[in-house]
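Shown next, in structure tokens, is the structure this report addresses.
Structure follows, in structure tokens:
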């Protein structure tokens, strides 16, 4: 219980952001492995950025729990600060990579001409497009939450 009392708003927002980042990886895998237009259409760079985001956020959460005084504490605080800045940047890079790789598919599914629209907008293709959009939206939320968390402290001053 004492550990829960030590948490700050920054710690909680970072933890929620970590959970959302893991959820974005899950949604991505479901989207790529599911039926429809984006089936087996992997984007390795986006996955790399998502994994980097998860790793950086996990590092921030773990470093927030370590209580070291002196120069070691200052070094850990600097590392956590750099990770708090790098994590949203990696999430934004994942969003940009996903959007650039999926935009042609979105245009094909949603904006085809009337003659082929009924053949293109199948349930599987629409479901696949909705999954890709959900993944992009979750990553945008991860980026915004990560940016917000960077403005909060990870530890209380009374420690």
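Residue numbers (my numbering): 13 to 171. The beta carbon of each residue, even a glycine, is placed where N, CA and C say it ideally should be. Model, not experiment: these values are computed from the prediction.
Buried or exposed by the 16-neighbour rule on C-beta atoms within 10 Å, applied to residue i
{"i": "residue 62", "result": "buried"}
{"i": "residue 121", "result": "buried"}
{"i": "residue 80", "result": "exposed"}
{"i": "residue 107", "result": "buried"}
{"i": "residue 154", "result": "buried"}
{"i": "residue 149", "result": "exposed"}
{"i": "residue 112", "result": "exposed"}
{"i": "residue 158", "result": "buried"}
{"i": "residue 128", "result": "exposed"}
{"i": "residue 105", "result": "buried"}
Cα-Cα separation, residue i to residue j
{"i": "residue 130", "j": "residue 143", "result": "20 angstroms"}
{"i": "residue 138", "j": "residue 43", "result": "11 angstroms"}
{"i": "residue 77", "j": "residue 22", "result": "12 angstroms"}
{"i": "residue 146", "j": "residue 72", "result": "25 angstroms"}
{"i": "residue 117", "j": "residue 49", "result": "7 angstroms"}
{"i": "residue 30", "j": "residue 70", "result": "7 angstroms"}
{"i": "residue 68", "j": "residue 152", "result": "16 angstroms"}
{"i": "residue 133", "j": "residue 99", "result": "36 angstroms"}
{"i": "residue 85", "j": "residue 166", "result": "12 angstroms"}
{"i": "residue 114", "j": "residue 93", "result": "32 angstroms"}
{"i": "residue 95", "j": "residue 109", "result": "21 angstroms"}
{"i": "residue 20", "j": "residue 126", "result": "54 angstroms"}
{"i": "residue 156", "j": "residue 124", "result": "32 angstroms"}
{"i": "residue 177", "j": "residue 45", "result": "The structure shown does not extend to residue 177, since the chain spans only 13 to 171, so no value can be given for it."}
Contact belief for residue i with residue j at Cβ below 8 angstroms, rounded distance in angstroms
{"i": "residue 66", "j": "residue 40", "result": "At roughly 12 angstroms, the Cβ-Cβ gap does not stay under 8 angstroms, so residue 66 and residue 40 are not in contact."}
{"i": "residue 97", "j": "residue 162", "result": "6 angstroms"}
{"i": "residue 102", "j": "residue 75", "result": "Rounded, the Cβ-Cβ distance is 17 angstroms, inconsistent with contact."}
{"i": "residue 141", "j": "residue 47", "result": "That belief does not hold up - the Cβ atoms of residue 141 and residue 47 are roughly 12 angstroms apart, past 8 angstroms."}
{"i": "residue 160", "j": "residue 25", "result": "6 angstroms"}
Does the structure place the stretch 77 to 89 close enough to the stretch 39 to 55 that three or more beta carbon pairs sit under 8 angstroms? no
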